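Below you'll find the structure, written out as structure tokens, and then a few comments.
2 protein chains.
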Amino acid sequence: MNEVVRTATGAIPLARPDVPLGRRSPHSKTRVLVADRNVIIRIGVRAILERTPGVAVVAEATTYDAVLDAVDEHGPDVLVIDLDLGDDTTRGLQLCEEITKRYPHTKIMILASTLSEFVVVDAMRRGVTGYLLKDDVKADELGKAVRTVQDGEVVMGKGIGNLVAHSLGSHRDIGEHVTDRELEVLKLVARGLSNKQIAAGIYITESTVKFHLQNLSRKLGAHRRAELVHKATAAGLL
Amino acid sequence: MNEVVRTATGAIPLARPDVPLGRRSPHSKTRVLVADRNVIIRIGVRAILERTPGVAVVAEATTYDAVLDAVDEHGPDVLVIDLDLGDDTTRGLQLCEEITKRYPHTKIMILASTLSEFVVVDAMRRGVTGYLLKDDVKADELGKAVRTVQDGEVVMGKGIGNLVAHSLGSHRDIGEHVTDRELEVLKLVARGLSNKQIAAGIYITESTVKFHLQNLSRKLGAHRRAELVHKATAAGLL
DNA sequence: AGCGCACCTAGCCATATGGACAGGTAACAG
DNA sequence: CTGTTACCTGTCCATATGGCTAGGTGCGCT
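Line by line, the protein sequences are chains W and Y.
Using the working numbering, you'd call the opening residue of the first sequence number 808 and step up by one each time.
Using the working numbering, you'd call the opening residue of the second sequence number 808 and step up by one each time.
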């Protein structure tokens, strides 16, 4: 039943055939691209998917650029990706947007390590159609989810749907963009610097530091810098 | 709680033979127990190890209790484990200590998600002989590491060795135990409560809250509560 | 009994912080 | 031109925080 595991780096089974934008023949397999920086996860996902009937992993990628190249080269039906590929989470969101625009045939399913209200909502806006948590998925769910996503349906892990619904009803406009400068200040706060030290460090006044922190606090719904650091961490900003 | 997960093929390779404390015959395989709450990781690690010559995965476990049962039942040569099995990291460390005491034949290799100076040093003290980061390992390293650990050698991922050395030379006595009360206060700090609110919440005075925070700050080497939250998160305390 | 440890309390003081106000600039899109 | 956005600055004030010293209790261990 197993023994399906191929070589680690994985020979690419097929040269890309004609990839029409419409639905493919029911007999052809769902072609999947797996993107994760972690080998163990890549191999694990590959092993799980390849024991799912009608699904085949055509390539793996470990960086944002590699994902783009691989999508372009293989035109997969589904991209299973952990957004945390570089040190810039925002980059992952942009990537999703770009792929849904340029390769509408390729559906995106996020396989995340952590649940971030921030990221989920943003991802949905950018055309992502699936969001699962690594720690939550059962082995068989993953295969099913991929096929469901390919059919254009939305798949969300338990609790995630509720989260999104709750967020949309929330008073604060979540998903509000965190600016570069704010992030810069935030990182220094996390390192325990005072407003004065931060100000001196990046050549702005203490007033401005406080200004950025006020905005950050509003965007993340925090009222103390300790909470700010906590929520920012949970949101994958640090 | 959960049961021990058996092999997918369903065959339990061997009823446990006599397991002598000394080295086993060079022809017998290194018998591995994989413990991780995440299916993808378990399958990934299993796939990687099973393609390594001379290594066989005999069981999987997803909870602390299941690990203990499985070690007792299978007497594996190596336990590959992510300490983050429950919501109590400390429990994982205790588990390691117990296993090295009661089953000295079984070597322990930690396969962690995050690098925590705190945990690494503590783990070493309790007889753990390997520490790798999921995000760092190459596929072939994992197999090698398991065999190396079985031979009684210590394996540490890149950077981890330096970390340990640096820690030991550090002025602050790292690995100093964080008490229950401190942890309780810490969690409330992370949620953005003021000292006064925390005091009222757990029926102690503000002075005591500050006392606990002072001790925590010393133990984690932080000087501001934002930094405290940051480091505590990195140390897996939150 | 003596010891260490977790836990709790008090007071003092300089400084940091949060929250509010009311502005300014530059770049860029419609 | 007008509106939006990121970015920057200032002032005001109440409160929170960090750092310190100097105690107290109860518990388990030797």
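Idealized CB from N, CA, C, for every residue including glycine.
Since the model is a prediction, treat every value here as computed from it, not as a measurement.
Three-state secondary structure assigned by DSSP to residue i
i	result
T896 (chain Y)	helix
T1015 (chain Y)	helix
L995 (chain Y)	helix
L1000 (chain Y)	coil
T986 (chain Y)	coil
R954 (chain W)	helix
A877 (chain W)	helix
L1045 (chain Y)	coil
H1037 (chain W)	helix
K1026 (chain W)	helix
A891 (chain Y)	The question names Ala, yet the displayed sequence has Asp at residue 891 (chain Y). If DSSP states are grouped into helix, strand and coil, D891 (chain Y) belongs with coil.
R1031 (chain Y)	coil
R858 (chain Y)	coil
M808 (chain W)	At M808 (chain W), the pLDDT of 40 sits below 50, so the modelled position is not reliable and the matter cannot be decided from this model.
Rounded distance between the beta-carbons of residue j and residue i, thought under 8 Å
i	j	result
T913 (chain W)	G950 (chain W)	That pair is no contact at about 18 Å.
L1023 (chain W)	E989 (chain W)	5 Å
S923 (chain W)	A1042 (chain W)	5 Å
I906 (chain Y)	I915 (chain Y)	6 Å
I847 (chain W)	V852 (chain Y)	6 Å
I850 (chain Y)	A919 (chain W)	Contact doesn't hold; Cβ gap of about 18 Å is too wide.
D943 (chain W)	K965 (chain W)	7 Å
L1000 (chain W)	A1039 (chain W)	Not quite, the Cβ-Cβ distance comes to about 15 Å (not below 8 Å), so this is no contact.
Y938 (chain Y)	L902 (chain Y)	Actually they do not touch by this definition, with Cβ atoms about 15 Å apart.
V962 (chain Y)	L1044 (chain Y)	Their Cβ separation, rounded to whole angstroms, is 26 Å, which puts V962 (chain Y) and L1044 (chain Y) out of contact at 8 Å.
V862 (chain Y)	V953 (chain Y)	6 Å
L856 (chain W)	V874 (chain W)	Rounded, the Cβ-Cβ distance is 17 Å, inconsistent with contact.
G1008 (chain W)	L1020 (chain W)	Going by Cβ atoms, the distance from G1008 (chain W) to L1020 (chain W) rounds to 14 Å, so no, they are not a contact pair.
H1037 (chain Y)	A997 (chain W)	4 Å
V926 (chain Y)	L890 (chain Y)	6 Å
K941 (chain W)	N845 (chain Y)	6 Å
Beta-ladder partner(s) of residue i, from DSSP
i	result
A868 (chain Y)	Y:A842
V885 (chain Y)	Y:V839, Y:K914
A863 (chain Y)	Y:R838
M962 (chain Y)	It is worth fixing the name first, because residue 962 (chain Y) is Val in this sequence and not Met. For V962 (chain Y), which the question treats as bridged, DSSP gives the partners Y:G937.
Cβ-heavy atom distance, residue i to the ligand GDP, below 7 Å
i	result
L1000 (chain W)	With respect to the ligand GDP, the structure shown offers nothing to examine, as it has no ligands at all.
| said: Under 8 Å: do the segment 859–866 of chain W and the segment 927–940 of chain W share three or more Cβ pairs, one atom per stretch? | reply: no
_Sequence ranges, alpha helix (DSSP H) only - wholly within the segment 910–944 of chain W, length at least 4_ = 924–932
Any contact between the segment 875–893 of chain W and the segment 886–903 of chain Y? By contact I mean 3 or more CB pairs, one from each, below 8 Å. no
Per the contact definition of three or more C-beta pairs closer than 8 Å, is the segment 1025–1035 of chain Y in contact with the segment 1017–1033 of chain W?
yes
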